[in-house]
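These protein sequence lines are chains W and Z, in that order.
Be aware that the first sequence starts at 1, since it is given in this note's numbering, and climbs by one per residue.
Be aware that the second sequence starts at 1001, since it is given in this note's numbering, and climbs by one per residue.
A short worksheet on the structure shown next.
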Amino acid sequence: MITIFRIRRFNPETSPSMPYFQEYKLDTERADTVLDALMHIRETLDESLTLRCSCRGAICGSCSMRINGHAALACKTKVQAMASERGVVQVEPMNNMPVIKDLVTDMAGFWDKVRQVQPWLQPAGQEPEAEYLASSESMNHLTGVMGCIMCGACVSDCAALEADERFLGPAALAKAYRFVADPRDGAGRSRLLALNEPGGMWDCTRCMECIEVCPKGVGAMDRIMSLRSRGIQAGVPSTCGSRHAEVFADLIYRKGRLDEPMLAARTFGLQNLSRLLSLLPMALRAFVRGKVPKSGPLHRAIPGVEKFRRLFQRMEERP
Amino acid sequence: MKFAFFPGCVSKGGCPELYQSVMEVYPQLGLELEEMTTASCTGAGVLQEKDRKLGDMLNARTFALAEQAGLPIMTICSTCQGVMSQANHRLTADPSYLAAVNEILNEEGLTYRGTTQIRHFVWILLEELGEQGIRQRVRRPLTELRAAPFYGCYLQRPSEALGFQDQPDRAKSLELIMSWLGLEVVDFPGKTRCCGFPLLTINEKNSLRMVASHTLDAKRNGADILVTPCPLCHLNLDGMQSRAGGQQQADIDLPIWHLPQLLGLAMGMEPKRLGLTRHLVSTQGVLDKLGSAVA
């Protein structure tokens, strides 16, 4: 199968050092991975093509790059599955990190953020005479997140990081969860307090890009949601994020449905009156444009809400 | 085909023009809808931040109500669809989890057997009406229009829960349907990215950056409008656009349309009946270009 590889090139040592796309035509086999093809290009067509790889078996996490716009391990991605109708595969370096050369990115910032969450066990109390004990269930629960190979794919495609590079990002937050959820760790509350700060667990935009691109099924966003839930349970100081979740749940309990004006008013409240007031011009414009439902701006409860509340209570009563 | 219609909170709240446009178009598509008035909010991913199992229970209740009526569910919101698809995926993959949730539902005399189908309006257009069914209903091909799609995260990810493996065209459903309406589809990288709505409360600055980035990008690629199947994306991209433009010192002025509005216009309906006058970013310039004066 003739495939055209459209590769984003960049060499900081040339002048002007602007990124550009270069195309290579290659006869590929059915079983070829994108990494096979890139190595073949480097060996036979252009020895200047620079990429990072090691194990070729989706273990080391070195060959993460964007293939057709989404991060993936080149060694785990088949050419045939990615080629467009015209036989084109586009390959670019990972996003959200500086490019060193061609497909190689600088992951120093990635490691800094992982270090920031203190990714080591911090047991509390006296050291036991033998080993620390943990239930099989709790360790099984952690195997998913411990499967992370630190390839950076989730960080590459993270929408919140694209908007603000100060965000800790999915890989570091998933790593934080790995220790918060470890029964042997004694620093859970201080970890959650640190993650409660701006740039931490509440700055995820829940876009699920990290879930989709992870080659190991770590599900970073799900871990971030679990951190939020644990933060609320642990009673860390409320933020707009945690109040939003709490008020949302309370409104559903009361009405069975969302009540947007009430959600905004109670989330921001008196603590954040200026934010609330800043929404007024938009609300007024929406009103003028007729963006008010027939039932009026404040919403009635769904019929039979009393029965519905019983279910809610039963769930809250569970152990 | 008959569906249990789940309109979602936002189409009955902050985006009433979406509900209005669906009510206008559905009878002409051969669909029969029975609105689920007693169904609750899906939790929208927010309730799940506090308690995922509680969210799954609420959605299982909705699925049980539809199952009892013997109807598949139709949603009109990417977020509702995504949250429900994910909940259904978890419930049907694990019989012991479903049994635990049913134990609670029994309180209200309900049981979910795991058979309810949940489909977004866009998927129903794609899979039930198809190209022929859509094209034959077009009275006014929108050939002068250049429109960019904007899916909303929950209609793209996670693909496993959304059934993309069995229905691969779902990944490009918007583009397909838009092209069948005769318009020029503008491709741009932001079409499957996040609009920033879930961050609006927590970090408005970052949320507005996302709004500006996608709308300006679509405009640079030549789009006259952005079309979305998600009212939450609409709230941010339309409602917060002027503020996002202010933050970036740019005059964006890109109208955001709901998909049923676009469909209705192509079917020859009046813009006002489709709620196109109820947007914060005016649609008038585009309607003028199309030669359809708003009554």
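The C-beta atom is built at its ideal place from N, Cα and C for all residues, glycine as well.
For Z:I1256, the closest C-alpha among the options Z:Q1249, Z:R1278, Z:M1269, Z:A1250 is that of Z:R1278. Fewer than three pairs of CB atoms, one per stretch, sit closer than 8 Å, so the region 24 to 35 of chain W makes no contact with the region 117 to 127 of chain W.
Between the alpha carbons of W:R9 and W:Y20 lies a distance of about 5 Å.
Pairing Z:R1146 with Z:E1103 gives a Cβ-Cβ distance that is not under 8 Å. Closer than 7 Å at the C-beta level to chain W, one finds these residues of the region 1214 to 1239 of chain Z: G1239. Per DSSP, reduced to three states, the secondary structure at Z:P1072 is coil, with no helix or strand assignment. Our two residues, W:H141 and W:C154, have alpha carbons roughly 20 Å apart in a direct line. In this structure, DSSP gives W:H299 a state outside helix and strand, which the three-state scheme calls coil. DSSP places W:M65 in the uninterrupted beta strand (DSSP E) bounded by 64 to 67. Contact with chain W is found for Z:C1153, since one of that chain's Cβ atoms lies less than 8 Å from the residue's Cβ. Annotation note: the region 1161 to 1232 of chain Z contains the following uninterrupted alpha helix (DSSP H) runs of length 4 or greater, listed N- to C-terminal: 1173 to 1180, 1204 to 1220. Rounded to the nearest whole angstrom, the C-alpha separation of Z:A1066 and Z:V1022 is 20 Å. Nearest to W:V213 by C-alpha distance, out of Z:E1160, Z:E1107, Z:Y1097, Z:P1168, is Z:E1160. Residue-level contact by beta carbon holds for W:K291 and chain Z, with a gap shorter than 8 Å.
Judged by DSSP secondary structure, Z:A1039 falls outside any alpha helix (DSSP H); it is assigned neither H nor E. Z:Y1154 sits in a helix when the DSSP states are folded into three classes. The residues D1217, in chain order, have a CB closer than 8 Å to that of Z:P1189 in the same chain once the five nearest residues on each side in sequence are set aside. With fewer than 16 other Cβ atoms from the protein chains shown falling within 10 Å of its own Cβ, W:F287 counts as exposed. One finds T1037, T1038 in chain Z with Cβ atoms closer than 8 Å to the Cβ of W:P303, taken in chain order. Look at Z:L1199: its C-beta is under 8 Å from a C-beta on chain W. In this chain, W:W202 is not harboured by any alpha helix (DSSP H), its DSSP state being neither H nor E. With its beta carbon less than 8 Å from one in chain W, Z:N1206 belongs to the interface. Interface annotation, Z:V1046: in contact with chain W, CB-CB separation under 8 Å. Put simply, the CB of Z:L1280 is near chain W, with a gap under 8 Å to one of its CB atoms. In the displayed model, W:R9 falls within a strand according to three-state DSSP.
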